[in-house]
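Asker: Pasting in a structure now, in structure tokens, and then I'll have a few things to ask.
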Amino acid sequence: MVEALVNITVHGESSEILNELRRAPAYYDSSLRKQAQECMQETRVAILNTIYEWVDSLDTTPIFWLYGLAGTGKSTIAHTVAEQCRRRGRLGASFFFAHANAECSDANLFFSTIAYQLSKFDPDLRQHIIHGVRAHPSPQDASIPTQFEEFILTPIRKLANDSAREPIIVVVDAFDDCSDARKASEILQLLSAKIPSLPLRLKFLITSRPEPEIRSILHPDIHRISRSFDLLLDVDASSTNEDIKRFLRFHIGRIGKEYDLPSWPREMDVEDLAQQAGGLFIFAHTGVELIRDKGVMDPESQLAMLKNIGTNGTPAFNLNTLYSRILRKAMPETASTTVQERVITVIHAIVGLRAPLALCAIERLLGLDRGAARAALNRLRSIFIVPDNDEDTVQLIHPSFARYITDEESCTETRFFAGGQQLQSQLARDCLKQMKNHLKQNICNFKDFATVKAPIKDGVNSDVYLKTLSVELKYSCENFAAHVFSADWQDGELCEMVAEWANQYLPYWLEVLALIGSFHDALPSLRLLSNFCGIASASHVELPETDRGELPGYDYTEPLPRADNSRAQAQTPRAAQSKSLQSSLQPLPKRRKLESPHQPLLAIERLKVPPAVPKQSPQLLADAIRMVSESYDDIKRFPHQIYTSCLGFCPLDSPLFKQYSQLSTVRVLSGERKHWRPLLHDFKDPDGHVDSLAFSPDGTILASYSYLGKIFLWNLETRESRLLAYHSRHPLPDSERVVVNTAFTFSPDGRYIAASGHVYRVATGEEVFVPGICSAFSPDGLYVALGYADGIIKLHDMQGPNLSLFGEFCGHGDTITTLAFSSDNKFLTSASSDDTIRVWNCSSPEMMKEIRCRGYVTFSPNGTVASCSQPFVIWAVDIRTSEEKSNFSIVFSDFDSHHKVSTIFSPSGDYIVSYQNVTVDMVRWVAGTQAPRTLAAYRRSSRSSSAITSISFTPDEQCLLIGNKQGLIGSWRISNNGSADSRFDFEYKAHFGAVQAITFSHKGKYFASASRDGSICVWDSTSVDLHESDLTLTSVLHGQTAIFAPD
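In terms of numbering that gives the first Met the number 0, the sequence shown has 389 at position 390, counting the first letter as 1, and numbering is strictly consecutive.
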């Protein structure tokens, strides 16, 4: 009995841990896929046999890509294979993408959903997956590569390598319906790179349309990790036609029996309909549903209407014509305007929704009377799945109808056409109205809100919960930002509603997201709203009665997208209605970066009646991003923290404090904040001792490199982290003499990262070359050079197939220690422990010149000047002319022979700084002369605890940031006349351990520091004057959250 109770308890704990994995209802047999069914008997025999042969084979490729045009029956085939594999005990997992469902099209849920199913499939695998989930600090927020590595790959590797184990099958359908093309490519790259090397045979069946971005990864002609099958070219057309005829005979025959129609189906009718289908099963299916439509009850007339389409058009044209006939028959133009508007409103809502809703929820969302939605869909059952129960969801039968109704050329029934932006604008307004009518503080009326832990689970406070948090309200809170961002950017009414929402309902919205377990949507939603408003600003849409120049310069925590003026200017006023709108439903545009961080966030069209909105409202979204970033974990677990420890502790002059401080349940009596803290993120490497940092070119990823050889990637947008790669950093032979410049940097396009001669793909963590000792990317990103211990340099073409070897440079007699390209990409410069510098022509393996030098070599940013550091001497040479630029002595106080003399160049190459132990010397090149000019020297006390450990120029070259062994970072000013002060402007405590690295992002918006203690800090350099002591009031050692007892 006791043992049974223990087992139940352990199982319950395991289930609770696995429930931390976010997952989508995308299983092949999900209740959302109401009309999913297997292929009819004796149909699709050839393709099914081919797939089953691949399933059973032990030696075939791990990926089978089945592709074809929309409507060719891919999903039915995938469903059939999934069901057969389940019956045979081979189906490990399935994920059926659906564009109409936000969760089922979310790439972030793909691997976590598969991992959850795999844990149910194999008990041994389950324990390893549970261990991976338990070990992750926040499984719900894990990045896509982290999910794949920690929740799938690592658990599988831990299983015994049993060669007798049958392959596990994962079925993935409609991959092209993934809502984020970039993340979809990331998933495919991970699968293609990692799956073939697994000891356990894990196989993926993937279906999609033949999109170029999918073909470029999965087609066997490009990568030999997959097998492909084209449903049009690899299947005999006559075989497909016979399958469609068989389908039509069966279903039309059943209709004939139901209505007692003799001689149904007539073979002539079957022939005509099959010819019209032209290989598209969706045409045959929709035609059958039209004939069966109980709202019409006249199969003969429906069949006649169907045959009138003719057989001369293309399959796609015939399908669009069929949709037009159905709509015209269901809603004749003689119907009243009110009825037509109601039907069109319901159709547009269902097509535009990001997740299916019940009929009654759709009615409440749209403000319709009870029963109105059912009445609108009564004669459209050949297009929609209309449930008998109003509490059940209504869905499209096939996504081709959504593409039809949002494409102006295809939708010949112009009454029903709606541009994608028009659909999204209306749904965004409906969601905003829902929130306006229902959001409030403590929305569930909890008696003791301070004790409520989020998310609320069904069964806990269920009466209050279900009454106040309706399905349509939850949908609105989760999805309105996506609707807004995809809407018409010149919709003045929508801009006014967003402004009103920001000024009156923003904290209540955050509360609801936390209560329903969707707080992970908070920051992405706020950024989408910020981007939408920034784009509206770039369209020259002004704020009413607001001087843009007077707006305070509040910043985001992330860079915004660049505004696309061409699209915004091309849009016409809403009076032009649907004809002027874009003709197809497009996915969310990629975020684009704004030139200035001070552009207004909320833009109201002047031509509209301006709302009574406070002038500070454009900054509320920026402040909200700041607040949520600072207190993310606290709000996520305890929503009351919004009112107890967030709003009341915002900076006094911030619009967020002025607008919402009255909601705070705590009053600050002293010590009020004046500014948002410039510290944006503080991360922790679990193994400690981080000694290198690098920002990605777009500034969204920070990479860290530890002394142990581990590379972590930190996402500055989502705070997600993942281990990219791990290699041992073995010392070189004769390590006392050989000092290597271990460059750590991203490639210019951000797709690769190099560390100590190892080069990895950022997307997958795959190492792409035999590792060298050092490396360098060319400025144009076309080449990467690797130096080796035997003195050989290999140049690889980054654009060539498989990153092919472009050339080898031989000539050095010892280890390559440093590499650098010239700024024009024509020359490669190398330094070696053989005491030589060589210049190579990149277009041919030819050495241009050789220069003798000794010491630690550093190259200037443009690759034209080499600095050689030796004890007490810095020697610099122009590698283009071999002329010595300087040879000057430096007197280092407390010189330590155990520490190398390090040198760095400024971004422009005009300054060179050398430092060792507690001394910093700076030199500037004087234009037109060969003599450098020594500007200043900085020397600290000789205490070892004050030793300088890192140094970096600011991008504007106005000061140096200097880190020391105590964890302090100081700012040393460089004045306009080229001199430098002999003391720091200020110092602040950034870390507990030595500051090992300081680096700036490419545009200088952020700088990051890392320490020997493993802490990593990311600072907003635009919100603080690095020449003043603003940072002295902030530290990673101090939090921003206060928790008070209920009394």
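Each residue gets a CB set at the ideal place from its N, CA and C atoms; glycine is no exception. On a predicted model such as this, the values are computed, not experimentally measured, just so you know.
Could you give the DSSP three-state label for Asn714: helix, strand or coil?
Answerer: To locate residue 714, count along the sequence shown from 1; it is residue 715. Strand, per DSSP.
Asker: Quick one, which of Tyr782, Pro398, Arg373, Arg378 has its alpha-carbon nearest Pro386's?
Answerer: One-based indexing of the sequence shown puts residue 386 at position 387. The residue with the shortest Cα to Cα distance from Pro386 is Arg373.
Asker: Output the distance between the C-alpha atoms of Asn311 and Asp55, rounded to the nearest integer angstrom.
Answerer: For the purposes of this step, residue 311 is taken as the residue at position 312 of the sequence shown. For the purposes of this step, residue 55 is taken as the residue at position 56 of the sequence shown. If you take the alpha carbons of Asn311 and Asp55, they lie about 43 Å apart.
Asker: Exposed or buried, which one is Thr71 when buried takes at least 16 other CB atoms within 10 Å?
Answerer: Along the sequence shown, one-based indexing puts residue 71 at 72. Looking at its Cβ environment, which holds 16 or more other Cβ atoms inside 10 Å, Thr71 is buried.
Asker: Could you tell me whether the region 698-713 touches the region 999-1018, using the rule of 3 or more Cβ pairs below 8 Å?
Answerer: The region 698-713 is in contact with the region 999-1018.
Asker: Using the Cβ count rule (16 or more neighbours within 10 Å means buried), how would you classify Ala334?
Answerer: What you label residue 334 is simply residue 335 of the sequence shown in a count that begins at 1. It is exposed - the Cβ of Ala334 has fewer than 16 other Cβ atoms within 10 Å.
Asker: Using a threshold of 7 Å, state whether the C-beta atoms of Thr145 and Asp172 are closer than that.
Answerer: As a working note, residue 145 is residue 146 in the sequence shown. As a working note, residue 172 is residue 173 in the sequence shown. No.
Asker: Does any CB atom of chain C fall closer than 7 Å to the CB of Arg87?
Answerer: Looking at the structure shown, chain C is missing, and only one protein chain is on hand.
Asker: Do you know whose CA, among Ser821, Arg676, Ile128, lies nearest Phe776's CA?
Answerer: In the sequence shown, counting from the first residue as 1, residue 776 sits at position 777. For Phe776, the nearest C-alpha among the options comes from Ser821.
Asker: Let me confirm a value: Ser896 is counted as buried when at least 16 other C-beta atoms fall within 10 Å, else exposed. Which label applies?
Answerer: Within the sequence shown, residue 896 is the residue found at index 897, counting from 1. With a pLDDT of 47 at Ser896, under the threshold of 50, the modelled position of this residue cannot be trusted, and the question is left open.
Asker: Give the secondary structure of Asp229 by DSSP, where H, G and I count as helix, E and B as strand, and everything else as coil.
Answerer: Working through the sequence shown from its first residue, we reach residue 229 at position 230. Strand, per DSSP.
Asker: Hey, how far is the Cα of Ile16 from the Cα of Ser118?
Answerer: Taking the first residue of the sequence shown as 1, we reach residue 16 at position 17. Taking the first residue of the sequence shown as 1, we reach residue 118 at position 119. Distance between the alpha carbons of Ile16 and Ser118: 11 Å.
Asker: I need the DSSP call for Lys446, collapsed to helix, strand or coil.
Answerer: Residue mapping note: residue 446 aligns to position 447 of the sequence shown, counting from 1. Residue state, collapsed to three classes: coil.
Asker: For Tyr987, name the three-state secondary structure that DSSP assigns.
Answerer: Position 988 of the sequence shown, counting from 1, holds the residue named residue 987. Looking at Tyr987 - three-state DSSP - the assignment turns out to be strand.
Asker: State the DSSP-derived secondary structure class of Ala334, mapped to helix, strand or coil.
Answerer: The sequence position of residue 334 within the sequence shown is 335, counting from 1. Coil, per DSSP.
Asker: In the DSSP assignment, find the alpha helix (DSSP H) that holds Leu117 and state where it starts and stops.
Answerer: Working through the sequence shown from its first residue, we reach residue 117 at position 118. Leu117 -> alpha helix (DSSP H) spans 109-120.
Asker: Between Arg245 and Thr42, is the Cβ-Cβ spacing less than 7 Å?
Answerer: Within the sequence shown, residue 245 is the residue found at index 246, counting from 1. Within the sequence shown, residue 42 is the residue found at index 43, counting from 1. Cβ atoms of Arg245 and Thr42: closer than 7 Å.
Asker: In whole angstroms, what separates the C-alpha of Ala476 from that of Tyr258?
Answerer: As a working mapping, residue 476 is identified with position 477 in the sequence shown. As a working mapping, residue 258 is identified with position 259 in the sequence shown. In the sequence on display, residue 476 carries Cys and not Ala. Answer to the nearest angstrom: the Cα atoms are 47 Å apart.
Asker: What is the C-beta distance between Arg21 and Gln139, in whole angstroms, given that I count them as a contact (C-beta under 8 Å)?
Answerer: As a first step, residue 21 is located in the sequence shown; it is residue number 22 there, counting from the start. As a first step, residue 139 is located in the sequence shown; it is residue number 140 there, counting from the start. Contact flag correct, Cβ pair sits at about 5 Å.
Asker: Give me the Cα-Cα distance between Asp368 and Asn388, rounded to the nearest whole angstrom.
Answerer: Translated into the one-based positions of the sequence shown, residue 368 becomes position 369. Translated into the one-based positions of the sequence shown, residue 388 becomes position 389. Each residue's alpha carbon lies about 16 Å from the other.
Asker: Which same chain residues end up closer than 6 Å to Glu288 when comparing Cβ atoms and leaving out the 5 residues on each side of it in sequence?
Answerer: Taking the sequence shown and counting its residues from 1, the one referred to as residue 288 is at position 289. Excluding sequence neighbours, Glu288 sits near Ser381.
Asker: Return the Cβ separation of Ile62 and Leu190 in integer angstroms, given the expectation that the two are a contact with Cβ distance under 8 Å.
Answerer: Residue numbering aside, residue 62 sits at position 63 when the sequence shown is read from its first letter. Residue numbering aside, residue 190 sits at position 191 when the sequence shown is read from its first letter. Contact holds; Cβ gap of about 7 Å.
Asker: Give the single residue among Trp1018, Gln995, Ile997, Ala993 whose Cα lies nearest to the Cα of Tyr1005.
Answerer: One-based indexing of the sequence shown puts residue 1005 at position 1006. Per the Cα distances, Trp1018.
Asker: Under 6 Å Cβ to Cβ from Ile997, same chain only, skipping five residues before and after it: list those, please.
Answerer: Sequence index remark: in the sequence shown, residue 997 carries index 998 (1-based). Around Ile997: Ser949, Ser951, Leu960, Gly962, Ser1008.
Asker: Could you pull out every residue in the same chain whose Cβ sits closer than 7 Å to the Cβ of Thr239, ignoring the five residues on either side in sequence?
Answerer: Your numbering for residue 239 matches position 240 in the sequence shown. Excluding positions up to five away in sequence, the list reads Gly278.
Asker: Determine whether the beta carbon atoms of Pro154 and Arg200 lie at a separation below 7 Å.
Answerer: In the sequence shown, counting from the first residue as 1, residue 154 sits at position 155. In the sequence shown, counting from the first residue as 1, residue 200 sits at position 201. No; because the gap between Cβ atoms is not below 7 Å, this pair is not in contact.
Asker: Let me confirm a value: Glu185 is counted as buried when at least 16 other C-beta atoms fall within 10 Å, else exposed. Which label applies?
Answerer: For the purposes of this step, residue 185 is taken as residue 186 along the sequence shown, with counting starting at 1. Buried, since its Cβ has 16 or more Cβ neighbours within 10 Å.
Asker: Which residue comes first and which comes last in the beta strand (DSSP E) that contains Arg181?
Answerer: Reading the sequence shown from its first residue, position 182 is the one you call residue 181. From DSSP, Arg181 is part of no beta strand (DSSP E) but of the alpha helix (DSSP H) over 180-193.
Asker: With a cut-off of 8 Å on the beta carbons, I'd call Ile634 and Leu525 a contact; round off their distance for me.
Answerer: Along the sequence shown, one-based indexing puts residue 634 at 635. Along the sequence shown, one-based indexing puts residue 525 at 526. With a Cβ gap of about 13 Å, Ile634 and Leu525 do not count as contacting.
Asker: Within 10 angstroms of the Cβ of Ser14, are there 16 or more other Cβ atoms? Answer buried if so, exposed if not.
Answerer: As a working mapping, residue 14 is identified with position 15 in the sequence shown. The residue in question, Ser14, is exposed, as its Cβ has fewer than 16 Cβ neighbours within 10 Å.
Asker: Would Phe228 and Leu65 be called neighbours here (beta carbons separated by less than 7 Å)?
Answerer: The residue given as residue 228 occupies position 229 in the sequence shown. The residue given as residue 65 occupies position 66 in the sequence shown. Cβ distance < 7 Å, so Phe228 and Leu65 count as in contact.
Asker: Report the option in Leu785, Leu802, Asp796, Ser843 whose CA atom is closest to the CA atom of Leu829.
Answerer: Position 830 of the sequence shown holds residue 829. First, the amino acid is wrong: residue 829 is Ser here, not Leu. It is Leu785 whose Cα lies nearest to the Cα of Ser829.
Asker: Would you please state the rounded distance, in angstroms, between the beta carbons of Lys817 and Ser832? I believe it to be under 8 Å.
Answerer: Here residue 817 refers to the residue found at position 818 of the sequence shown. Here residue 832 refers to the residue found at position 833 of the sequence shown. The residue asked about is misnamed: residue 817 is Thr in this sequence, not Lys. Not quite, the Cβ-Cβ distance comes to about 10 Å (not below 8 Å), so this is no contact.
Asker: Would Ser399 and Ile308 be called neighbours here (beta carbons separated by less than 7 Å)?
Answerer: On the sequence shown, position 400 is the one that residue 399 refers to. On the sequence shown, position 309 is the one that residue 308 refers to. In this structure, Ile308 does not lie closer than 7 Å to Ser399 by Cβ.
Asker: Going by beta-carbon coordinates alone, are Ala35 and Leu108 separated by less than 7 Å?
Answerer: Reading the sequence shown from its first residue, position 36 is the one you call residue 35. Reading the sequence shown from its first residue, position 109 is the one you call residue 108. No, the pair does not count as a contact, with Cβ atoms beyond the cut-off.
Asker: According to the neighbour-count rule (16 or more other Cβ atoms, all chains shown, within 10 Å of its Cβ), is Tyr725 buried or exposed?
Answerer: Within the sequence shown, residue 725 is the residue found at index 726, counting from 1. Burial call: exposed.
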